[in-house]
Structures are given as structure tokens and as C-alpha cells.
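Be aware that the sequence shown starts at 517, since it is given in the working numbering, and climbs by one per residue. C-beta atoms are modelled at their ideal positions from N, C-alpha and C, and glycine is treated no differently. What follows is a short report on a single structure.
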Amino acid sequence: MDIKLKVQGMHCTGCEANINDALAELEGVIKSKADFKKGEVRVHFDEKKIDEEKIKEAIEGAGYKAED
517 MDIKLKVQGM
527 HCTGCEANIN
537 DALAELEGVI
547 KSKADFKKGE
557 VRVHFDEKKI
567 DEEKIKEAIE
577 GAGYKAED
């Protein structure tokens, strides 16, 4: 499954890396691509292993705000 979330608080490529690294640690996340210029992250994941809420929690745990 693929989702696109708006992310507040990203200001640079380092922020992109922080989000991608946080998501890479989650079982079920296959690929993520954060884009600070667009203020969004695209996530490809296995919905049998993880849900959108856990993905948002990981982004928020990294210090950013995620919303649909």
C-alpha cells in the first residue's frame, strides 16, 4: 500500500533523512521518500504488518507533525 502524508517541521535534507531513518526501522515499511520542499513523505508499506497510524507515530516520534 502507498500513502502520502503532509509533514510539518522539515527544513532540510537532514530532516528528510531523519524521517526516512525512523520509518526504515519499522517492520512493514518497504520504502519511504521524504521531501522537505514539498512538505510530504511517501511511504510504501505492507498493510498486513503495519498501519498508517504507526507510521504517523514514528514520524512524530522523530520530532515532526504528520497528517493526511
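Exposure label - residue i; buried when at least 16 CB within 10 Å
i           : result
residue 532 : buried
residue 526 : buried
Span of the beta strand (DSSP E), counted from its first residue to its last, around residue i
i           : result
residue 582 : 581 to 583
Contact set for residue i: own chain, Cβ-Cβ below 8 angstroms, skip 5 residues either direction
i           : result
residue 560 : 517, 518, 545, 546, 547, 548
residue 571 : 519, 521, 539, 542, 545, 559, 561, 582
Residues near residue i by beta carbon distance below 7 angstroms, same chain, minus five either side
i           : result
residue 554 : none
residue 563 : 517
Cut-off 6 angstroms between Cβ atoms - residues of its own chain near residue i, not counting five sequence neighbours on either side
i           : result
residue 524 : 581
Go through the segment 541 to 575 residue by residue and report every complete run of the beta strand (DSSP E) that reaches 3 residues or more, in order.
Entirely contained in the segment 541 to 575, the beta strand (DSSP E) runs reaching 3 residues are, in chain order, 545 to 551, 556 to 561.
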